[in-house]
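Colleague: Note that the sequence shown ends on residue 488 in the working numbering; no numbers are left out.
Quick one: structure below, then a few questions.
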Amino acid sequence: MEFPTDLLFSILDFLLDDRISLCRCCLVNREFNCAASIFLYSEVVLNIRPSVIAFSPSNTAAPPRSRYERFCDVLLASAILPANAPHVKILRVKGYPDSLSETLLPAVRQFKNLHTVQITPDQSRDGLFVPILDELVKDRPSLVNLNINAACMDEISAPIVKKLVGLRALGLEGPNRTILQILPDWLDRLNHLKELHLTRNCGSITPGVLRSLIPLLANITAFSWGLSYSITDDDLFSFLGQLPSLKQAKLRHYLQYKSPGPSDPMKRLRSLTICHDASDDEEFVDKLCDWTLRAVTESPIEIIHFCCDEYPINSEAPRCFDRLVEHLAQFNVSTLRVLDLNGWLIGDSSISLLAHTCFRLEELVMAVDPDGLAAFKTVLPTMKNLHTAALHVCTDEHVLCIVSAEDTAEIMQLNGTLRRLTVNEWKIEGSWVSQDDQVVFVVRHSSENASEEAPEIQVRSRSQLGLQAPAMNAIIEEEEEEDD
5 MEFPTDLLFS
15 ILDFLLDDRI
25 SLCRCCLVNR
35 EFNCAASIFL
45 YSEVVLNIRP
55 SVIAFSPSNT
65 AAPPRSRYER
75 FCDVLLASAI
85 LPANAPHVKI
95 LRVKGYPDSL
105 SETLLPAVRQ
115 FKNLHTVQIT
125 PDQSRDGLFV
135 PILDELVKDR
145 PSLVNLNINA
155 ACMDEISAPI
165 VKKLVGLRAL
175 GLEGPNRTIL
185 QILPDWLDRL
195 NHLKELHLTR
205 NCGSITPGVL
215 RSLIPLLANI
225 TAFSWGLSYS
235 ITDDDLFSFL
245 GQLPSLKQAK
255 LRHYLQYKSP
265 GPSDPMKRLR
275 SLTICHDASD
285 DEEFVDKLCD
295 WTLRAVTESP
305 IEIIHFCCDE
315 YPINSEAPRC
325 FDRLVEHLAQ
335 FNVSTLRVLD
345 LNGWLIGDSS
355 ISLLAHTCFR
365 LEELVMAVDP
375 DGLAAFKTVL
385 PTMKNLHTAA
395 LHVCTDEHVL
405 CIVSAEDTAE
415 IMQLNGTLRR
425 LTVNEWKIEG
435 SWVSQDDQVV
445 FVVRHSSENA
455 SEEAPEIQVR
465 SRSQLGLQAP
475 AMNAIIEEEE
485 EEDD
């Protein structure tokens with residue numbers, strides 16, 4: 005009996021990020037092989053890192069292929085097979101791809117159904133991607149998403165990429181003067197463009213260049229901005245306020261001391277991601293909060309993310325973002341769904357305010373002190389739509405707060421909708437599963453490796469916690485180790 009195709013694709017969709025399991029599915033039978041190959045080859049990533057193999061310069065033989073190069077060789081050889089090439093929709097070239105110069109172009113010729121191409125190598129020889137770009141500008145109506153960096157922005161490559169006029173999303177990492185010279189004319193021909201992402205070093209973009217783009221971006225719904233010290237906050241917010249269709253923005257913040265001037269609000273902005281430097285200076289944090297408030301004022305904001313690698317870990321860190329919470333609780337009660345403060349600390353009163361006002365909140369990421377953790381546990385049962393939460397508990401030398409995996413699991417039990425919870429280093433997931441002819445709620449450690457089965461966590465039952473059990477009583481069991 006054949007396996008139902010619709011059900012098979014639904015199952016494989018859950019394994020999209022689990023390459024090992026997809027490879028195993030290819031070995032089951034022909035039916036599984038055909039279905040799993042669609043997922044397995046949908047994205048081809050070529051990312052060659054520098055080789056650490058020592059090779060004598062006096063040796064005239066070709067250097068040995070690194071493991072990254074051998075992997076890419078095998079991947080391309082498999083992806084270009086007639087049965088697999090039509091499945092390739094996304095191609096990403098990163099790292100140091102010079103050694104792929106002979107195999108990359110023939111592969112691109114076989115990938116006729118590409119809709120996303122990313123060419124952002126760390127380093128490459130001049131002209132490596134010219135024939136690749138020449139191939140892409142041929143009959144490729146499916147190609148709608150292009151992301152390139154300086155490797156495709158020289159005087160030869162720039163006029164070629166300009167011929168791609170069917171794009172819906174364009175990303176330029178570190179746009180230089182060469183690409184900026186053709187950008188206005190290119191944008192004028194991109195009638196279907198909805199997303200423009202100018203990222204990394206945007207120092208070549210002056211206030212005049214930025215203003216000149218405004219008439220060409222009336223239909224842009226998503227915009228990203230990198231770092232340019234020649235662009236002031238007033239320049240940036242004036243530009244953003246004149247994009248009538250803007251709904252998503254990812255912006256790079258840097259500290260400025262000039263008093264902000266008036267600017268038009270982003271009245272359709274729904275998603276904001278802010279990338280910023282690390283600092284525990286109260287003035288920096290205060291100005292970052294002001295900057296964020298300026299961005300979201302008068303907008304129906306739904307999603308806010310903060311991006312940074314480091315945050316203060318002390319409970320005495322600045323709490324300037326309490327002001328942001330107060331603003332959201334007053335003006336975005338019915339819209340806010342995701343608040344990702346990352347490692348920024350907020351007080352227990354702000355946590356209570358969020359829980360009692362922002363009833364649509366689905367995801368919450370923040371730093372708290374021990375009092376904030378206690379407040380979160382108190383209000384968690386009232387947050388009926390919250391399914392994901394992450395907390396970093398900040399302490400100091402006088403107050404020690406240790407949270408175990410069992411403590412984290414018990415916190416999850418306080419809310420019937422919470423499915424993913426992180427407290428410090430503990431990451432757990434909860435799910436309803438069928439077990440012994442009944443439906444039970446199981447809490448497991450969240451494994452970074454999707455192919456690994458995470459162990460269950462033993463916690464006290466809901467009755468021991470003094471909570472009323474739902475119709476389907478949740479039980480959490482500890483996985484018993486098998487005897488040797």
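Note that the Cβ used here is the ideal one computed from N, Cα and C, for glycine as well.
Computed from a predicted structure; not experimentally measured.
I'd like to know if the segment 251-259 and the segment 274-286 are in contact, where contact means that at least 3 CB-CB pairs between them fall below 8 Å.
Modeller: yes
Colleague: How many Å lie between C38 and L26 at the Cα?
Modeller: 11 Å
Colleague: With DSSP as the reference, label F310 as helix, strand or coil.
Modeller: strand
Colleague: At which residues does the beta strand (DSSP E) containing A413 begin and terminate?
Modeller: Note, A413: premise wrong, no beta strand (DSSP E); alpha helix (DSSP H) at 409-416.
Colleague: Between E314 and the ligand PLP, is the CB less than 8 Å from at least one heavy atom?
Modeller: As far as ligands go, the structure on display features none, and thus does not contain the ligand PLP.
Colleague: Can you name the residues that DSSP bridges to L343?
Modeller: Bridge partners of L343: I308, L368.
Colleague: Assign R74 to buried or exposed, taking buried as 16 or more other Cβ atoms, counted over all protein chains shown, within 10 Å of its Cβ.
Modeller: exposed
Colleague: Tell me the DSSP secondary structure of E35 in three-state form.
Modeller: Helix.
Colleague: I'd like to know whether the C-beta atoms of I350 and D326 end up nearer to each other than 9 Å.
Modeller: yes
Colleague: Taking the beta strand (DSSP E) that C206 falls in, what are its first and last residues?
Modeller: Neither: C206 is in no beta strand (DSSP E) and is coded neither H nor E.
Colleague: Which residue marks the beginning of the beta strand (DSSP E) containing Q439, and which one marks its end?
Modeller: 430-439
Colleague: Among V169, S128, S146, R172, whose alpha-carbon lies nearest the alpha-carbon of C156?
Modeller: S128
Colleague: Taking Cβ to Cβ, would you say E302 is nearer than 9 Å to V342?
Modeller: no
Colleague: Rounded to a whole number of angstroms, what is the C-alpha to C-alpha distance between P266 and G212?
Modeller: 18 Å
Colleague: Can you check the segment 112-191 for any beta strand (DSSP E) of at least 3 residues that lies completely inside it and give the ranges in chain order?
Modeller: 120-125, 149-152, 173-177
Colleague: L297 lies in the alpha helix (DSSP H); which residues open and close that run?
Modeller: 286-300
Colleague: Can you tell me whether R464 is buried or exposed? The criterion is at least 16 other CB atoms within 10 Å of its CB, across all chains shown.
Modeller: In this prediction, R464 scores a pLDDT of 45, lower than 50, which makes its location untrustworthy; no coordinate-derived value is stated.
Colleague: Express the C-alpha separation of P145 and G207 in angstroms, rounding to a whole number.
Modeller: 33 Å
Colleague: In whole angstroms, give me the CA-to-CA distance for A81 and T107.
Modeller: 9 Å
Colleague: Look up Q260 in the DSSP assignment and say whether it is helix, strand or coil.
Modeller: coil
Colleague: Please determine, among N428, L390, D411, the residue with the shortest C-alpha to C-alpha distance to A371.
Modeller: N428
Colleague: Can the beta-carbon of F36 be found less than 9 Å from the beta-carbon of F18?
Modeller: no
Colleague: Output needed for L377: all residues of its chain with C-beta closer than 6 Å, excluding positions within five of it in sequence on either side, in chain order.
Modeller: V397
Colleague: For a quick check, are the C-beta atoms of V121 and N88 less than 9 Å apart?
Modeller: no
Colleague: What are the boundary residues of the beta strand (DSSP E) that T392 is part of?
Modeller: 392-397
Colleague: With DSSP as the reference, please indicate the residues paired to Q442 in a beta bridge.
Modeller: Q439
Colleague: If I measure Cβ to Cβ from D192 and keep anything under 7 Å in the same chain, skipping five residues before and after, which residues do I get?
Modeller: L220
Colleague: Looking at the unbroken beta strand (DSSP E) that takes in E330, where does it start and where does it end?
Modeller: Where E330 is concerned, there is no enclosing beta strand (DSSP E), although the alpha helix (DSSP H) it sits in stretches over 326-335.
Colleague: In whole angstroms, what is the alpha-carbon distance linking V329 and V447?
Modeller: 30 Å
Colleague: For G107, name the three-state secondary structure that DSSP assigns.
Modeller: A small fix is needed here, since residue 107 is Thr in this sequence, not Gly. Looking at T107 - three-state DSSP - the assignment turns out to be helix.
Colleague: State the start and end residues of the unbroken beta strand (DSSP E) segment that holds I490.
Modeller: Any question about residue 490 goes unanswered here, given that the chain covers just 5 to 488.
Colleague: Quick one: is C311 buried, meaning 16 or more other Cβ sit within 10 Å of its Cβ, or exposed?
Modeller: exposed
Colleague: What residue from V78, H119, S232 has the CA that sits closest to P90's CA?
Modeller: H119
Colleague: Between which two residues does the alpha helix (DSSP H) holding A4 run?
Modeller: Any property of residue 4 remains undetermined from this structure, which presents the chain solely from 5 to 488.
Colleague: Whose CA, out of N149, L104, P68, Y100, lies closest to the CA of L79?
Modeller: L104
Colleague: Between which two residues does the alpha helix (DSSP H) carrying E73 extend?
Modeller: Going by DSSP, E73 is part of the alpha helix (DSSP H) stretching over 71-83.
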